[in-house]
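With numbering that gives the first Met the number 0 applied, the sequence shown has no gaps in its numbers, which climb one by one up to 128 at the end.
Positions of the beta carbon are idealized from the N, C-alpha and C atoms, including for glycine.
Since this is a predicted model, take the numbers as computed values, not measurements.
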Amino acid sequence: MAMLTILAHRERIETVSYTLNFDRKDQPGSGYGLPCDKAGNLIGDNFGTKESREAQAAQLRASGEYHAPYVQDYHNSYVEPASGRCKCGSVVCLSDGLENYCEGCDACYNLCGQRVYPELTEERYEDDY
Ligand SMILES: [Zn+2]
């Protein structure tokens, strides 16, 4: 069966992020979580600068309404699909279990990179005998 030339194999990507949590003393389960590194140092991102978060943390500490902050970790994982090069030269992303179409020539490949459409008779003879 005709195959894609695999360029990258399917891969599970794991990421970890952290927040510095300030829990309210009077309302367990409510409070603030500020983005930080593993050691609890506040960090900036698209939603705020490191400086603004340090100022906020200082206010929370000074208010006396929050417990001592602690670091919480969040583990995320996702699957990066495999990709391969079609005979026509286009790169096909193998994200679907059954049907992954080549944008270059409309050939269809399954998750393993085997071509399921069109099935060319002469190629089947080549590969199977
Ligand atoms: Zn193609």
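Exposed unless 16 or more other CB atoms sit within 10 angstroms - verdict on residue i
{"i": "F21", "result": "buried"}
{"i": "Y116", "result": "exposed"}
{"i": "A61", "result": "exposed"}
{"i": "C87", "result": "exposed"}
{"i": "L6", "result": "exposed"}
{"i": "G43", "result": "exposed"}
Of the listed residues the options, nearest to residue i (C-alpha basis)
{"i": "D25", "options": "L59, E64 and E102", "result": "E64"}
{"i": "V70", "options": "A38, K86 and A56", "result": "A38"}
{"i": "F46", "options": "L59, Q58 and G32", "result": "G32"}
{"i": "T18", "options": "R9, H8, E10 and C35", "result": "C35"}
{"i": "E10", "options": "T48, G112 and V78", "result": "V78"}
heavy atom of ligand 1 below 8 angstroms from residue i C-beta
{"i": "V91", "result": "yes"}
{"i": "G112", "result": "no"}
{"i": "K37", "result": "no"}
{"i": "A106", "result": "yes"}
{"i": "K49", "result": "no"}
{"i": "G103", "result": "yes"}
{"i": "G83", "result": "no"}
{"i": "G88", "result": "yes"}
Same chain only: Cβ atoms within 6 angstroms of residue i, ignoring 5 sequence neighbours per side
{"i": "C92", "result": "P80 and S82"}
{"i": "R114", "result": "A1, A106 and Y108"}
{"i": "E98", "result": "C107"}
{"i": "S89", "result": "C101, E102 and G103"}
Chain-order list of residues whose beta-carbon lies under 7 angstroms from that of residue i (same chain, five-residue window excluded)
{"i": "G30", "result": "N20, F21, D22, R23 and Y65"}
{"i": "T4", "result": "G83 and R84"}
{"i": "G96", "result": "L110"}
{"i": "L59", "result": "F21, Y31 and Y65"}
{"i": "N40", "result": "none"}
Proximal residues to residue i (C-beta, below 8 angstroms), its chain only, five neighbours per side dropped
{"i": "G28", "result": "D22"}
| Inter-stretch contact (C-beta, 8 angstroms, three-pair minimum) for the stretch 42–55 and the stretch 68–88 | no
| query | Is it a yes or a no for the stretch 2–20 touching the stretch 73–93, going by three-plus beta-carbon pairs under 8 angstroms? | reply | yes
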